[in-house]
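Peer 1:
Numbering (our numbering), first residue to last: 154 to 488.
(1) Can you find the residues in the same chain that come closer than 7 Å, C-beta to C-beta, to residue 167, ignoring five residues on each side of it along the sequence?
(2) Does the Cβ-Cβ distance between residue 263 and residue 323 come in under 7 Å?
(3) Under 8 Å Cβ to Cβ from residue 374, same chain only, skipping five residues before and after it: list those, please.
(4) Label residue 210 either buried or exposed according to how many other C-beta atoms from any shown protein chain fall within 10 Å of its C-beta, with 16 as the threshold for buried.
(5) Alpha carbon to alpha carbon, how far is residue 464 from residue 448? Give it in angstroms, no decimals.
(6) Are residue 179 and residue 453 closer than 7 Å when you measure CB to CB?
(7) What's the C-alpha gap between residue 246 and residue 300?
(8) Check whether the Cβ atoms of residue 320 and residue 212 lie closer than 7 Å to each other.
(9) Could you tell me the alpha carbon to alpha carbon distance between residue 435 and residue 294, rounded to whole angstroms?
(10) Leaving out the 5 sequence neighbours to the left and right, which residues in its chain are closer than 7 Å to residue 237 when beta-carbon positions are compared?
(11) Measuring straight from C-alpha to C-alpha, what distance separates residue 277 and residue 488?
(12) Per DSSP, residue 477 is paired with what?
(13) Have a look at residue 279 and residue 227 and give me their C-alpha separation to the nearest angstrom.
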């Protein structure tokens, strides 16, 4: 395949992870290196809010903190004040059936730092790693509920990315169902495994799409990226469940995430972004573990989704992945 710098013609690429097509149409955009966010996030560093240290009484109930019971905490996990699902409803005793299901579930907030002016990318790798380990500990707690099938970890950074609070935080939703996009991802990866005997994600690395790498992880722009400058961080080792991440690898992952967020901020004018941790259902059977592989997807909010995408599920990306990867590779991050 050729990149947009060599071939201005549109191209359709199959996203083999979610089994959908993406249209690459470079004629709809400027040069890849000219992409900048029109609405960069600009949190007020002097603001104080319920997530700041000393304001714990203004928050929804706490689940746990790191370090435990320490007034000088580094991370807090709390209930979402406006949860999408209710932990107080009776827990379902059976798998969902029919078209109606009780709204039981968990919706938590992970406050990543006690200081309002500090963003996740400002933290050193060990502290970002501690955020990852906090996710894993909470997922393990949630897994004790037999009705909980899937836990989605996600971060919304910036108002246009869905963040209602500028204080650095992420969220976790524990669902009594396996969402349709997760089922589609599993089915598509199973098809690839059935045809080849190999995990698709294990073989996804390609030199022209690679941004950076470490001992156990690498970052790349996927071959059929849904969004311009979308980034994936992928474990080199095969692992189905994110919550099996250990402390040493979490610190290494924190370093690579920090680097990607800083490159993205420098190149794209500090854009609003989302990241999602794509993992496997909690109660996966043994055969699923062979072809499922967790990864982190980072999406800078640079373009809107309109009627064509909503109507077809087919996205239009104005930047070829090879070009986005080259631009991001070349961003120099100050020490």
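All residues carry an ideal CB built from backbone N, CA and C; glycine is no exception.
Note that the structure is a prediction, hence the values are computed from the model and not measured.
Peer 2: So, to answer that:
(1) 174, 377
(2) yes
(3) Excluding the 5 residues flanking it on each side, residue 374 has same chain C-beta neighbours closer than 8 Å at 362, 364, 382, 383, 384, 385, 474, 475, 477, 478, 481, in chain order.
(4) exposed
(5) 27 Å
(6) no
(7) 7 Å
(8) no
(9) 11 Å
(10) 260, 326
(11) Put simply, the backbone Cα of residue 277 is about 12 Å away from that of residue 488.
(12) Answer is none; residue 477 lacks a bridge partner.
(13) 12 Å
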